[in-house]
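Per the working numbering, the sequence shown starts with residue 32, numbered consecutively.
First comes the structure, then the notes that go with it.
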Amino acid sequence: MTIEHSNIDIDAGATAGTAGLGRARTPYHEFGEAGAPRIPGWAQHRSVYRAAGRTLYQVGTDRFDAARDDLAALAGRGWEIRVDREGPAASITLSRAAA
Numbered sequence: 032m033t034i035e036h037s038n039i040d041i042d043a044g045a046t047a048g049t050a051g052l053g054r055a056r057t058p059y060h061e062f063g064e065a066g067a068p069r070i071p072g073w074a075q076h077r078s079v080y081r082a083a084g085r086t087l088y089q090v091g092t093d094r095f096d097a098a099r100d101d102l103a104a105l106a107g108r109g110w111e112i113r114v115d116r117e118g119p120a121a122s123i124t125l126s127r128a129a130a
């Protein structure tokens, strides 16, 4: 399965089988172990916006290539990902409807 985003395609096929696992509260909890959040090194600038039933995580990076595998894993776990990329830099929006 390929998920289309703004100007980037992220292949979530390798991780699609993990979609039924427990839902982590944030994308950073998805990266952590034993329920603890972990912020990956590529997530350099982070903001959070909340609205009714949905939270948006805005991440800025100048290391998009380092983020690709993590983003594919998140997409396979049900996160919606939008990427606006220019060269090695990217603005990434992560969201998922409230559980």
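Even glycine gets a Cβ: it sits at the ideal position worked out from N, Cα and C.
| Item | Value |
| --- | --- |
| Val114, buried or exposed, once every other Cβ within 10 Å from all chains shown has been counted against 16 | buried |
| Beta-carbon proximity check, Pro58 vs Tyr80, cutoff 8 Å | no |
| Segments of 3+ residues assigned as beta strand (DSSP E) that fall wholly inside the segment 60-107 | 76-82 and 85-92 |
| Residues near Ile70 in its chain [Cβ-Cβ closer than 8 Å; skip 5 each side] | Tyr59, Phe62 and Arg77 |
| Beta-carbon spacing of Ala106, Ile112 below 8 Å | yes |
| Minimum C-alpha distance to Pro119 - residue among Ala82, Gly91 and Ala67 | Gly91 |
| Ala98 classed as buried or exposed, judged by whether at least 16 other C-beta atoms fall within 10 angstroms | buried |
| CA-to-CA distance, Ala128 to Arg85, given in whole angstroms | 5 Å |
| Sequence-distant residues of the same chain with beta carbon closer than 8 Å to Asp101, five excluded per side | Phe62, Pro71 and Trp73 |
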